[in-house]
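J.:
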Amino acid sequence: MTTTETRPPSAAQPEAKRNSPLSAVLRARELPVALALVILVTVTAIANPLFLSPQGVKDLLLNATIIVILAVGQAIVIITRNVDLSVGSILGLVAFMTGSLFANVEGIPIPVVFLAGLALGAVLGAINGLLVTLAKVPALVITLGTLYIYRGVNNAWAGGTQYFAGDRPDAFGALSVDTFLGFPVITLLALVVVVVVGVFLAGARSGRDLYAIGSDPEAARVFGLPVGRRVFLAFVTNGLLAGLAGVLYASRFNSVGATTGSGMELDVVAAAVVGGVAIFGGSGSVFGAAIGAILLTTITSALTALRVDKFWQQAIVGVLILAAIIIDRIASVRTARKLRISEARDV
Amino acid sequence: MSDPVKTAPVPERVDGTTVLEAEPKGRTGWARVLLGRDAVMIYALIVVIVIAMIAVPRFASPVTTGFLLLDVIPVLLIAMPMTLVIITGEIDLSVASIAGLTSAIMGVLWQAGFDIGIVLVISVLAGVVAGAVNGFLVAVVGLPSLAVTIGTLALFRGLALVVIGDNAVANFPPELTAFFTSKLGATGIPTVMVGVVVVILFFGVLLHLTPFGRGLYALGYSQEAARFVGIKVARAKLWLFVGTGTVSALAGVYWTLRYSSARSDNASGLELAVIAAVLLGGVSIFGGKGSIPGVVAAVLLIGVINYALRLGRVSDVVLIIVTGSLLIASVVAPSVFGAISKWRHDRRVHRELPQATTSGAASA
Amino acid sequence: MELIRNRTGKTPGRRRIASFAALAATVALIATGCAGGGDDGGGGSGAEGEQTITFIPKQLNNPYTDVVLGGGEEGAEAAGFASSQVVGPLDASASSQVSFINAETQAGTNVIVIAANDPDAVCSALEEARTGGAKIVAFDSDTNPDCRDVFISQVVAKDVALIQVELIAEQIGGSGEIAILSATANATNQNEWIKYMEEELASNPEYADIELVAKVYGDDDDTKSFQEAQGLMQAYPNLKGIISPTTVGIAATARYLSTSEYKGKVALTGLGLPNEMRPFVKDGTVTEFALWDPAQLGYVAAFAGKALADGDITGEVGDTFEAGELGEREIGDGGIVIVGPPTVFNADNIDDYDF
Amino acid sequence: MAEQSVPGSDEPNEPLLRLQHGAKTFGPVVALADGTVELRAGEIHALVGENGAGKSTLVKILAGLYHPDAGDFQVAGRPVAFRSVADSKAAGISVIYQEPTLFPDLTVAENIFIGRQPRGALGLISRKAMRSAARELFDQLGVPIDPDRIAEGLSIADQQIIEIAKALSLDARVLIMDEPTAALSGVEVERLFAVARSLRDRGAGILFISHRFDEVFALTDRITVMRDGRYIATHDTASVRVEQIVREMVGRDIDQLFPKEEAVIGNAMLRVKGLARAGVFSGIDLEVRTGEIVALAGLVGAGRTEVARAVFGIDPYDEGTVELAGRRLKPGDPQAAIDAGAGFVPEDRRKQGLVMDLSVARNLTLTLRNSLARFGLIDARREQRTAAEWSKRLQVKTGSQEYAVSTLSGGNQQKVVLAKWLATEPKLLIVDEPTRGIDVGTKSDVHRLLSDLAGRGIAILMISSELPEVLGMADRVLVMHEGRITAELSREDATPESVMHAATASMEGAK
């Protein structure tokens, strides 16, 4: 009696089944949240056809754009079993800098402002990354600290100053108004971000390293993966994306000042979690995080469109977050049990 | 928040050698007490108080004690059970929302004409239930507390809005609201501090002097190790979340009566202040480490800096930067010095070892 | 994670000292900060006869507030205060103003000028301040009348309400659905105006064809107001106009309208700052809106404070005081002082104003 | 042993890898005092020594995981100083650890190729190529593992196979295998050996670490012996006998090592009937009597620890009953087991046995926390006294009771674990790998203690992977294989052969 003989013959069959594209889709962590989004949009659209009018769709997409970009960045960090709570503060600082650049530097080209925003975001992300990787202190503590510090710097810099849409060139504001093939320009930008980061995480070696690190940081170290460098990279990327979100915020909204973006961090983490990114790293995808972000922003609009009492909105969001993690848990418990039974030898 | 399930076996353990960077450095007796993490927090608190007394006019007065304590009470209260929760390696982000929900319920019930005693009891019970919901999801269902309580943070705050909407209820019994801002004689100490001290003592004794508390440290370091000595992991966690829920409700009641205003947005954002204070107080976010005296000192430290800055009319901007920096400095400094002492140790070993090995080889 | 734990796990004294050094360094930093702050402040504990005044706005770093405070500081100097201060929370929550009031009480400030985030939450703290000898002037947003000496109001509340209804009626041609986008649900002044608006819409036969379909709250937060405006459009497809009686709300709504297909189709009016609204008036999103001069609000508040502190007035109805270059003001019913009539801004006159 | 001659005529060439006088200390703990090993191209070289002899530390130095404090390290004749695991990999060294270190969330194929996945268009990973490469490797190894499943939940044996596939795919010049066979069954071991031999024939050098002498002698060309962190000797496998190796490893005669004394064996203290947990173990019947040491032997992953955990209430079970001293234990409730008089010394001291950050005293009294309390509060003086007493009784070497237990050596840590259970005055003591990773001196202390306890009427259930320990200590040996007890051997019947055969199930139904 040997292992090979006793391995149940059924092991080969599920293998074939598991590989079919349909079942791959059905097993995807993103599925429940995507379904929820579809149902939500359908139901709302039936009740209020205006919800899916061109302007309605445009608003939905625009609302989601900024939080999608933030959620994508956050997903990268969470996948490495870290978290970045300072994104709201980074967004605020960058948004204010954007306003400040346009107001104070006559005729500054828009691309230069974008680059400056990305650079500032990346630097702030790098500070987080350095503190986390060099001092080996949990990211939750570090980024809670930088959440306060970056916000403080923003306040100190801005004081009572606010910059308004009128201070910025029309072409800049137009980015979040103009559409291309029916899609707002900045939404397309977010889409590019999602696809590029998604492909990187799924298809690049260093992207896969991030999953490995989040899955088991110690094993990653033993295996010789450059844990510190990759985690640092994750924080810098997240900072960069928060910077991008900051610039876009300045394009979309009227005023940028000392408090821009405060309190956003938990929404962003929630979006990633709802989208199936495991809070302890190792699994999930930026596509899921993006869908999670869209779902959370759409819910607010949908409830308004349905004239649901606005006081219920936040409670519903809370239920949704809990549902997402509970569904995820049930699925993983079932898989684990199935595996345990099916792979048991001759027990 | 280490996740024991996911930590794959590490080869480290195979040969059982322990990773040590320095000579064993336990201390005994007084040295231990006087150089402990808690002591450092207390020294820092004293230094800050002394500096504030010198640098900030009028700081040195009993009035300070009163206003300062009234300000820190909500954080101080919630920080107590939060310390225990974080020591077990979990976290509760929903505390401020529970306080808000409690406040909302108080307002609605009071407006509906219930007796104030009943209002208080039901409000606190709501906190117990809210805590039990968190506890159930974390301890029984086994979900990560960080994710669960982000969800209930939104849920409980949402329920607060559902309950009271955008109303504010202000007409609580004046003698009650007056009681909540009254002082003990000329000391300047608020009367409610008596209750707060009871809560502090309760959690201090629970953590440091009872079998249950002993178990929590074990639990925070390793759930496995805790289970092997018979600690009921799920039950302990469930109770702790009920604890944070209950105390958050008390903080909500305090908030409502101190400001005599029941609103859905009361205490919003308080969760991060509480967690920052607890971590500054030396509690490890990974669990297994921390103490009540350290946390109390940290809460007061932030409170004193806060109040001194306000009295000195320094902008809140400075305050948030200081809070953030303190938090980071308190966790980064030990790592930095750890790295330096490791480097020095390595250098010493490199100098000393060559002779040792040659003699070793000779015996082979 | 485990290694990290072990690394920081032991308790060698050197690391304790390290933590201590870090704390000490921060403390030193704060100390210098305090000292600096103290110098700027010139100390609330002015010598006998030197009066001090402190403004506590709803929230710092808000453009409208800045204009109000600018007038306030100017007024304080003109009225003869030895020093004037501005302190306040960074967020506009109900309770965050209390500890500032406490600190001012302790600093012995003679006059506290406050715009309350919540009329009741600040009350007991203000009572304490009064017990300590301070005079309380509410401005912009009133506290519970029991807790202050006078309230400096922009304008007669009813006038403000009526002018906004008038503007919107004119802009939508006298009939159709309208909505209100306000600040926070608890904002005292906004709620009072809204109350008058509702009464006027219900009672005035001229407005019989106008239906108020919704009231939403943007919490004086740019993003939130923006999304509320958007939600209104979707929920009420037949909406003809929006009144936003708050500067943040009107600007955010204007921003949304100007970037959407509703620009020019949905009318918008309310209370706004000319500097903030200028582009929207120029591009046709907004035809007309109203506001008083916020600087005057602060200016009058400072003089009212001075008069109270000097004992010239007590806050009784009928008391009068000299408000510098703005002339004499009288305290009306409920201890309210009216600053001046609202101004209506449109494309023709907006460039004449700079605030 | 047929082909021990080193193939390839480049004999005078430098060895693939040579470490001389490597040393590594961790604070007060000297993990390796003199690590010396030389690996030639085309040889399989055994590294043997007891647990705690420094083999794993040496392996980690070779793997680039530790920087040696001293020593001369050469690869292919050039001195090297690895800064990281990546350096070691770049030098062509690949390591298979005893306990696999897979990433639970990644797929099997990805685990094999992480960091060097086959790439297709645009430099992106080609999952197809990766999958087929993984399949190819598994075909070569003759195992049907689905490359697309995630690694979480794989059995230890399967994980080990994936580690081997990983090493194979690396095509390393130097392959280090740290007890790779511990969890494998006979056929799997044979397959692994075939792979190892073919690698050797292609000119690779293989460092093979094992406790199983039959394997060492069947597979290797040379043997290096280590003891107490020091190099002892290197022999040609063909010209040395097992007895000599054992003597060198232990440093004294084996008979003295395991001094189980005869004890009066009484009535059944622990009685387990029909215990089963789906997918883990089934049909477990066992009895441990007072004064008796019963060993649960078998391969890693056979289900021994799982049975013990279920008995103690750590894990739930689906069927069966557990009785202690005639009383049925509530399933899934360790406190009930403790109250009934059970104690459990777990296999993983650092994660399960101790709270490393807490002091020696606190650890010692953790099991007594309820009985030390008066009116619900712990009596600190009594706690100190009890801790001091037990730490003295077991001769725990520590500067102070207040030191964190992490500052103690492995052996002393294990004493603390034992002491905290003995303090509860147990009737049944379950010990899981009681001497894993502790030095020889402490090891015999532990053995003497266990024997002593049995002498005082305590029933002991011992899980051990060390045959000499099992054979020396146990009154009876139960052998497990794939979740079942496959043999019950009396002290007289238990021989290395009989136990090993039952453990690999080639003696099906021996009972």
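Protein chains in written order, with the working numbering: chain H, 11 to 357; chain Y, 4 to 367; chain D, 22 to 376; chain F, 23 to 533.
A virtual CB, placed ideally from N, CA and C, is assigned to each residue, including glycine.
Can you list the residues of chain D that Y257 of chain Y reaches, using a CB-CB cut of under 9 Å?
T.: By Cβ distance, chain D contributes nothing, its closest Cβ being about 11 Å from Y257 of chain Y, past 9 Å.
J.: Taking DSSP as the reference, what is the three-state secondary structure of L211 of chain Y?
T.: One detail in the question is off: residue 211 of chain Y reads as His in this sequence, not Leu. H211 of chain Y: helix per DSSP, three-state reduction.
J.: Quick one: does Q182 of chain F have its CB under 8 Å from some CB of chain Y?
T.: No, Q182 of chain F lies away from the interface with chain Y (no Cβ there is under 8 Å from its Cβ).
J.: Do R266 of chain Y and I336 of chain F have their C-beta atoms within less than 8 Å of each other?
T.: Contact: no.
J.: What are the start and end residues of the beta strand (DSSP E) that includes Q42 of chain F?
T.: Here the beta strand (DSSP E) through Q42 of chain F covers 39 to 48.
J.: Measuring only the C-alpha atoms, how far is L211 of chain H from T420 of chain F?
T.: Those two C-alpha atoms are separated by around 49 Å.
J.: From the DSSP output, read off the bridge partner residues of D454 of chain F.
T.: In DSSP, D454 of chain F forms a bridge with F:I485.
J.: Going straight from the alpha carbon of T341 of chain D to that of D268 of chain Y, what length do you get?
T.: Cα-Cα distance, rounded: 39 Å.
J.: Specify, as a first and last residue, the run of the alpha helix (DSSP H) that A313 of chain H falls within.
T.: Residue identity differs from the one stated: residue 313 of chain H is Leu in this sequence, not Ala. That run of the alpha helix (DSSP H) goes 296 to 315.
J.: Give, in chain order, every unbroken run of the beta strand (DSSP E) that is at least 3 residues long and sits entirely within the region 72 to 124 of chain D.
T.: For the region 72 to 124 of chain D, whole beta strand (DSSP E) runs of length 3 or above, ordered along the chain, are 73 to 77, 104 to 107.
J.: So which residues of chain H does V107 of chain F contact, with C-beta pairs closer than 9 Å?
T.: Those are R231, V232, F233, G234, L235, listed as they occur along chain H.
J.: Using the Cα positions of T143 of chain H and I159 of chain H, report the straight-line distance between them to the nearest angstrom.
T.: If I take the Cα positions, the gap works out to 19 Å.
J.: If you follow the alpha helix (DSSP H) that A254 of chain Y is in, where does it begin and where does it stop?
T.: It spans 236 to 261 - the alpha helix (DSSP H) in which A254 of chain Y sits, taken as one unbroken run.
J.: What residues in the region 78 to 100 of chain D have a beta carbon less than 9 Å from any beta carbon of chain H?
T.: Against chain H - using a Cβ distance shorter than 9 Å - the residues of the region 78 to 100 of chain D are Q80, L81, N82, N83, P84, T86, D87, L90.
J.: Give the straight-line distance between the Cα atoms of L90 of chain D and G293 of chain D, rounded to the nearest whole angstrom.
T.: Taking the straight line joining both Cα atoms gives about 17 Å.
J.: Between G194 of chain D and the rest of its own chain, which residues show a CB-CB distance below 7 Å, the 5 nearest in sequence each way excluded?
T.: For G194 of chain D, where only same-chain residues beyond five positions count, there are no Cβ hits under 7 Å.
J.: Which bits of chain H does R313 of chain Y rub up against, with CB to CB less than 9 Å?
T.: Per Cβ cutoff of 9 Å: no residues; R313 of chain Y is ~15 Å from chain H at best.
J.: Whose C-beta lies closer than 6 Å to the C-beta of N309 of chain Y among residues of the same chain, with five residues either side of it excluded?
T.: Result list for N309 of chain Y: L322, in chain order.
J.: So if I threshold CB-CB distances at 9 Å, which residues from the region 279 to 290 of chain D count as touching chain H?
T.: The region 279 to 290 of chain D vs chain H, Cβ under 9 Å: S279, T280, S281, E282, Y283.
J.: So, is N165 of chain H buried or exposed, given that buried needs 16 or more other C-beta atoms within 10 angstroms?
T.: Buried.
J.: Taking Cβ to Cβ, would you say R506 of chain F is nearer than 8 Å to F334 of chain F?
T.: Contact flag unset, no.
J.: Taking Cβ to Cβ, would you say N264 of chain H is nearer than 8 Å to V97 of chain H?
T.: Not in contact: N264 of chain H and V97 of chain H (Cβ atoms no closer than 8 Å).
J.: What would DSSP say about R262 of chain H, mapped onto helix, strand or coil?
T.: Here R262 of chain H sits in helix by DSSP.
J.: Listing by chain order, which chain Y residues have their CB less than 7 Å from the CB of P42 of chain H?
T.: Result: empty, since nearest Cβ-Cβ is about 15 Å, beyond 7 Å.
J.: Along the beta strand (DSSP E) that carries Y238 of chain D, what are the first and last residues, could you check?
T.: First-last of the beta strand (DSSP E) with Y238 of chain D: 231 to 238.
J.: Determine the contact status of G368 of chain Y and G92 of chain Y, defining contact as a CB-CB distance below 8 Å.
T.: An answer regarding residue 368 of chain Y cannot be provided, because it is not within the stretch 4 to 367 covered by chain Y.
J.: Should N370 of chain D be labelled buried (16 or more other beta-carbon atoms within 10 Å of its own) or exposed?
T.: Exposed, since its Cβ has fewer than 16 Cβ neighbours within 10 Å.
J.: When the cut-off is 8 Å and only beta carbons count, does L212 of chain Y lie next to chain C?
T.: Among the protein chains of the structure shown, namely H, Y, D and F, there is no chain C.
J.: Give a yes or no on whether the C-beta atoms belonging to Q127 of chain D and R61 of chain Y are separated by under 8 Å.
T.: The answer is yes: Cβ separation under 8 Å.
J.: Going by C-alpha distance, which of Y:L87, Y:T194, Y:R238, Y:M196 is nearest F206 of chain Y?
T.: Checked all of Y:L87, Y:T194, Y:R238, Y:M196; the closest Cα to F206 of chain Y is Y:L87.
J.: Anything in the region 136 to 157 of chain Y with a Cβ closer than 8 Å to a Cβ of chain H? List those residues in chain order, please.
T.: Residues passing the 8 Å Cβ filter: L140, V144, G145, L146, P147, L149, A150, V151, I153, G154, T155, L156, A157.
J.: Given a cut-off of 8 Å on the beta-carbon distance, is the pair G285 of chain D and G270 of chain D in contact?
T.: For G285 of chain D and G270 of chain D, no; Cβs fall outside 8 Å.
J.: Quick one: does N392 of chain F have its CB under 8 Å from some CB of chain Y?
T.: Yes - at least one Cβ of chain Y is within 8 Å of the one on N392 of chain F.
J.: Please check the pair I66 of chain F and D236 of chain F, which I expect to be a contact at CB under 8 Å, by giving their CB distance rounded to whole angstroms.
T.: Rounded, the Cβ-Cβ distance is 15 Å, inconsistent with contact.
J.: Would you tell me roughly how many angstroms separate the C-alpha atoms of G109 of chain H and Q172 of chain H, rounded to the nearest one?
T.: The straight-line gap from Cα to Cα measures roughly 8 Å.
J.: Secondary structure at K261 of chain D, three-state DSSP: helix, strand or coil?
T.: Here K261 of chain D sits in strand by DSSP.
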